[in-house]
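Structure first, then comments.
2 protein chains.
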Amino acid sequence: MADVKLIGSPLSPYVLRVMITLSLKKVEYELLQEKFGEKSELLLKSNPVYKKIPVFIHHDRPICESAVIVEYIDEVWPESGCGAILPADAYHRALHRFWTFYVDDKLFPSLVAIGRAATAEGKAEAVERVRAGHLLLEEAFVELSEGKAFFGGDRLAYLDVMFGCFVNWIKEVEEFLSVELLDEATTPALHGWAARFREHEAVKEVMPDRGTVLEFFKFLHAMWAKEAADAKN
Amino acid sequence: MADVKLIGSPLSPYVLRVMITLSLKKVEYELLQEKFGEKSELLLKSNPVYKKIPVFIHHDRPICESAVIVEYIDEVWPESGCGAILPADAYHRALHRFWTFYVDDKLFPSLVAIGRAATAEGKAEAVERVRAGHLLLEEAFVELSEGKAFFGGDRLAYLDVMFGCFVNWIKEVEEFLSVELLDEATTPALHGWAARFREHEAVKEVMPDRGTVLEFFKFLHAMWAKEAADAKN
Chain A
1 MADVKLIGSP LSPYVLRVMI TLSLKKVEYE LLQEKFGEKS ELLLKSNPVY
51 KKIPVFIHHD RPICESAVIV EYIDEVWPES GCGAILPADA YHRALHRFWT
101 FYVDDKLFPS LVAIGRAATA EGKAEAVERV RAGHLLLEEA FVELSEGKAF
151 FGGDRLAYLD VMFGCFVNWI KEVEEFLSVE LLDEATTPAL HGWAARFREH
201 EAVKEVMPDR GTVLEFFKFL HAMWAKEAAD AKN
Chain B
1 MADVKLIGSP LSPYVLRVMI TLSLKKVEYE LLQEKFGEKS ELLLKSNPVY
51 KKIPVFIHHD RPICESAVIV EYIDEVWPES GCGAILPADA YHRALHRFWT
101 FYVDDKLFPS LVAIGRAATA EGKAEAVERV RAGHLLLEEA FVELSEGKAF
151 FGGDRLAYLD VMFGCFVNWI KEVEEFLSVE LLDEATTPAL HGWAARFREH
201 EAVKEVMPDR GTVLEFFKFL HAMWAKEAAD AKN
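Chains as they are written, first to last, in full-length UniProt numbering: chain A, 1 to 233; chain B, 1 to 233.
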């Protein structure tokens, strides 16, 4: 048990990815909670390059970056729990990795930009970017799921986890800032997927509930507004 | 042969990664040269999300993003040529992937920033970021190479290819802009590695020579200077 540790907090979608993977794999671990805005000595020592969560520690060796960690877990515990997270087919694996890259590179930064936007125009532009991204992912979902429940078909696979860690964030941004990001009319397949993902047993075990996410998002939103005001002055 | 195609140009370090991998694996392919500043119909159709090279096309199915492509090639041709590019050990694989992420996320953007810097201060700051990054990679090299020639030990592995695609760029930036980025005194192990990488047969087969890289860098440098001047006016 003490051989598998995770530094982080489930409020970080990047940490949540790792927690969902460990939950799917039924791998036991110790969660070393990291408080927002503080950086523990262990974190600084374990991730001196980025000083960021999540850090996964296995046999006292730290591994950083959520995508790297999830692939590592999949390789070390290939048969455990749900079995492999990465699809068996190399082309599908490539698509799961590509869309994960897209989510990290474009989609989540645009989601954050909605919360940080200082003007109505900036907010509208960021909303449009997220909606356009969801349309792309809607197409990818139709291709990859082959009419089944998840990106991985009948079961959760890599892209489900890597994108799914954001579903409650998307929901809270929608409600708190009165925008539509993942609506049933425009993205029906993805809308249904998000609901199924949220209800998956391995996800429910570790995903913070919407109230908790909302409180944290309100806190971030107020912090960003203060930062923007300070930057102006 | 026609079943394996690569859209790109060896002048792009990201395309070069794929070409070095294919060279190491002795996989035959058709290079569909993409001219700088133009985007072919095939490129736009094959990578509608990023509209960027490289795109790898296997059995008419496009795969985008260099890291995704290289992993795909390694999975589809595991035994071909040099054998596996990713190390056999899961922890080493994680480190190779982490440092590749760092190179793409921080190091190469800082290298470009040297060329784009509009002020001496901006240039000096970018040089410092690259030098600091090389120091981190020097440590990683010492750990991963275990006293041998490459990040992969006796032979080229994933991180050799993913970082090595930049060695001639580093050299040209150093000479053309009179800066020191990868000097023997500060980063002796990496300095030696870069020379060995450049001389590796599979690399020499595909890497553009320094004169060609220099000409292209001069062209980019002039273009960036013009862009900066236009932005000012």
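Glycine residues also receive a C-beta, built at the ideal position from the N, C-alpha and C atoms.
On the criterion of 16 or more Cβ atoms from any shown chain inside 10 Å, does A:His-134 qualify as buried, or is it exposed?
Sequence index remark: in the first sequence, residue 134 of chain A carries index 134 (1-based). Buried: at least 16 other Cβ atoms inside 10 Å.
Rounded to whole angstroms, what's the CA-CA distance from B:Arg-131 to A:Ala-194? Just pull it up for me.
As a working note, residue 131 of chain B is residue 131 in the second sequence. As a working note, residue 194 of chain A is residue 194 in the first sequence. Put simply, the backbone Cα of B:Arg-131 is about 44 Å away from that of A:Ala-194.
Could you tell me the alpha carbon to alpha carbon distance between B:Ala-229 and B:Glu-38, rounded to whole angstroms?
Translated into the one-based positions of the second sequence, residue 229 of chain B becomes position 229. Translated into the one-based positions of the second sequence, residue 38 of chain B becomes position 38. Using only the alpha carbons, I get a separation of about 23 Å.
Tell me, please, whether the CB atom of B:Cys-64 is closer than 9 Å to any CB atom in chain A?
Reading the second sequence from its first residue, position 64 is the one you call residue 64 of chain B. A Cβ of chain A is located within less than 9 Å of the beta carbon of B:Cys-64.
Contact set between A:Leu-135 and chain B, taken where Cβ atoms lie within less than 7 Å:
Position 135 of the first sequence, counting from 1, holds the residue named residue 135 of chain A. Within 7 Å Cβ-Cβ: nothing; A:Leu-135 doesn't reach chain B, min ~11 Å.
Within chain B, the residues that A:Glu-71 reaches when beta carbons sit closer than 9 Å
Position 71 of the first sequence, counted from the first residue, corresponds to residue 71 of chain A. Near A:Glu-71 (Cβ distances below 9 Å), the residues of chain B are Ala-90, Arg-93, Ala-94 and Arg-97.
Residues near A:Val-18 by beta carbon distance below 8 Å, same chain, minus five either side:
The residue labelled residue 18 of chain A in the question sits at position 18 within the first sequence. Closer than 8 Å at the Cβ level, and outside the excluded window around A:Val-18, lie Leu-6, Gly-8, Pro-54, Phe-56, Ser-66, Ile-69, Val-70 and Ile-73.
Pick from A:Asn-233, A:Asp-3, A:Lys-218 and A:Ala-231: whose alpha carbon is nearest that of A:Ile-114?
One-based indexing of the first sequence puts residue 114 of chain A at position 114. The candidate whose alpha carbon is nearest that of A:Ile-114 is A:Lys-218.
Contained beta strand (DSSP E) runs [length at least 3] in the UniProt domain "GST N-terminal" (2-81) of chain A, N- to C-terminal order:
Entirely contained in the UniProt domain "GST N-terminal" (2-81) of chain A, the beta strand (DSSP E) runs reaching 3 residues are, in chain order, 4-8, 30-33, 55-58 and 61-64.
Under 9 Å, Cβ to Cβ, is there at least one residue of chain A near B:Phe-101?
Within the second sequence, the letter at position 101 stands for residue 101 of chain B. It does: the Cβ of B:Phe-101 has a partner Cβ on chain A nearer than 9 Å.
Can a CB atom of chain A be found closer than 9 Å to the CB of B:Lys-5?
The residue you call residue 5 of chain B lines up with position 5 of the second sequence. Not one chain A Cβ lies under 9 Å of B:Lys-5.
Of all the options A:Arg-129, A:Leu-111, A:Leu-144 and A:Glu-128, which has the alpha carbon lying nearest to the alpha carbon of A:Trp-99?
Numbered from 1 along the first sequence, position 99 holds the residue referred to as residue 99 of chain A. It is A:Leu-144.
Within the same chain, show all residues whose beta-carbon is closer than 8 Å to that of A:Met-1, passing over the 5 residues directly before and after it, in chain order.
Translated into the one-based positions of the first sequence, residue 1 of chain A becomes position 1. Residue placement at A:Met-1 is flagged as unreliable, the pLDDT there being 47, under the threshold of 50; the coordinate-derived value follows with that caveat. Excluding residues within five positions, the ones whose Cβ falls inside 8 Å are Glu-28, Tyr-29 and Glu-30.
How long is the line joining the alpha carbons of B:Glu-79 and B:Ser-23, rounded to whole angstroms?
Reading the second sequence from its first residue, position 79 is the one you call residue 79 of chain B. Reading the second sequence from its first residue, position 23 is the one you call residue 23 of chain B. Our two residues, B:Glu-79 and B:Ser-23, have alpha carbons roughly 13 Å apart in a direct line.
Could you confirm whether any beta carbon from chain A is found closer than 9 Å to the beta carbon of B:Arg-210?
As a working mapping, residue 210 of chain B is identified with position 210 in the second sequence. Using a CB distance cut-off of 9 Å, B:Arg-210 does not count as an interface residue toward chain A.
Neighbouring residues, chain A, relative to B:Arg-61 (Cβ below 8 Å)
Residue 61 of chain B sits at position 61 when you count from the first residue of the second sequence. Those are Tyr-91, listed as they occur along chain A.
Against chain B, does A:Ala-228 count as a neighbour if the rule is that its beta carbon must be under 9 Å from one of theirs?
By one-based count along the first sequence, residue 228 of chain A stands at place 228. No, because no Cβ of chain B sits closer than 9 Å to the Cβ of A:Ala-228.
Check whether the Cβ atoms of B:Cys-165 and B:Ile-63 sit closer than 9 Å, and answer yes or no.
Walking along the second sequence from the start, residue 165 of chain B turns up at place 165. Walking along the second sequence from the start, residue 63 of chain B turns up at place 63. No, the pair does not count as a contact, with Cβ atoms beyond the cut-off.
Name the DSSP bridge partner or partners of A:Phe-150?
Position 150 of the first sequence, counted from the first residue, corresponds to residue 150 of chain A. According to DSSP, A:Phe-150 bridges with A:Gly-153.
I need the DSSP call for A:Val-142, collapsed to helix, strand or coil.
For this step, residue 142 of chain A is matched to residue 142 along the first sequence. Correct three-state label for A:Val-142: helix.
Is there contact here, the region 207-224 of chain A with the region 174-193 of chain A, by at least three beta-carbon pairs under 8 Å?
The way I'd put it, the region 207-224 of chain A does touch the region 174-193 of chain A; three or more beta-carbon pairs between them come closer than 8 Å.
Hey, how far is the Cα of A:Phe-151 from the Cα of A:Glu-125?
Position 151 of the first sequence holds residue 151 of chain A. Position 125 of the first sequence holds residue 125 of chain A. So the two alpha carbons sit approximately 28 Å from each other.
Take the Cβ of A:Val-213 as the centre, count every other Cβ of all protein chains shown within 10 Å, and call the residue buried at 16 or more, exposed below.
What you label residue 213 of chain A is simply residue 213 of the first sequence in a count that begins at 1. In this structure A:Val-213 is buried. Its beta-carbon is surrounded by 16 or more other beta-carbon atoms within 10 angstroms.
Which same chain residues end up closer than 8 Å to A:Lys-106 when comparing Cβ atoms and leaving out the 5 residues on each side of it in sequence?
Taking the first sequence and counting its residues from 1, one reaches residue 106 of chain A at position 106. Around A:Lys-106: Arg-129 and Gly-133.
Own chain residues within Cβ distance below 7 Å of B:Leu-190, not counting five before or after
Looking up residue 190 of chain B in the second sequence gives position 190. Here the set comprises His-134, Leu-137, Glu-138, Phe-141 and Leu-182.
Taking CB distances under 9 Å as the criterion, tell me whether A:His-221 reaches chain B.
In the first sequence, the residue the question calls residue 221 of chain A occupies position 221. Taking Cβ atoms only, chain B never reaches closer than 9 Å to A:His-221, which makes this a no.
Mind checking if A:Glu-79 is an interface residue toward chain B, Cβ cutoff 9 Å exclusive?
Here residue 79 of chain A is taken as the residue at index 79 of the first sequence, counted from 1. Not one beta carbon of chain B lies nearer than 9 Å to the beta carbon of A:Glu-79.
7 Å CB neighbourhood of A:Glu-34 in its chain, flanking five on each side removed
For the purposes of this step, residue 34 of chain A is taken as the residue at position 34 of the first sequence. So the qualifying residues of the chain are Ile-7, Gly-8, Ser-9, Ser-40, Leu-43 and Ile-53.
Which listed residue (B:Tyr-158, B:Ala-222 and B:Glu-75) has its alpha carbon closest to that of A:His-92
What you label residue 92 of chain A is simply residue 92 of the first sequence in a count that begins at 1. If we check each option's Cα against that of A:His-92, B:Glu-75 comes out closest.
Report the neighbours of A:Glu-128 on chain B: residues whose CB is nearer than 9 Å to its CB, in chain order.
In the first sequence, counting from the first residue as 1, residue 128 of chain A sits at position 128. The premise fails here: A:Glu-128 is roughly 16 Å from chain B at the closest Cβ pair, so nothing lies under 9 Å.
Of all the beta strand (DSSP E) runs that stay within the bounds of the region 163-229 of chain A, which reach a length of 3 or more residues?
Correct list: empty.
Closer than 8 Å by beta-carbon distance: list the chain A residues that pair up with B:Glu-138, in chain order.
Position 138 of the second sequence holds residue 138 of chain B. B:Glu-138 does not reach chain A, its nearest Cβ partner there being about 13 Å away, counting only Cβ pairs nearer than 8 Å.
When the distance is taken between beta carbons, is A:Arg-196 closer than 9 Å to A:Lys-171?
Start at 1 with the first residue of the first sequence, and residue 171 of chain A comes out as number 171. Start at 1 with the first residue of the first sequence, and residue 196 of chain A comes out as number 196. Their beta carbons are not under 9 Å apart, which means A:Lys-171 does not touch A:Arg-196 by this criterion.
Please report the residue range of the alpha helix (DSSP H) in which A:Val-112 lies.
Residue numbering aside, residue 112 of chain A sits at position 112 when the first sequence is read from its first letter. Membership of A:Val-112 in the alpha helix (DSSP H) is indicated by the continuous run 108-116.
Sort A:Phe-36, A:Phe-108 and A:Tyr-102 by Cα distance to B:Asn-47 and report the nearest one.
Position 47 of the second sequence, counted from the start, is the residue given in the question as residue 47 of chain B. Per the Cα distances, A:Tyr-102.
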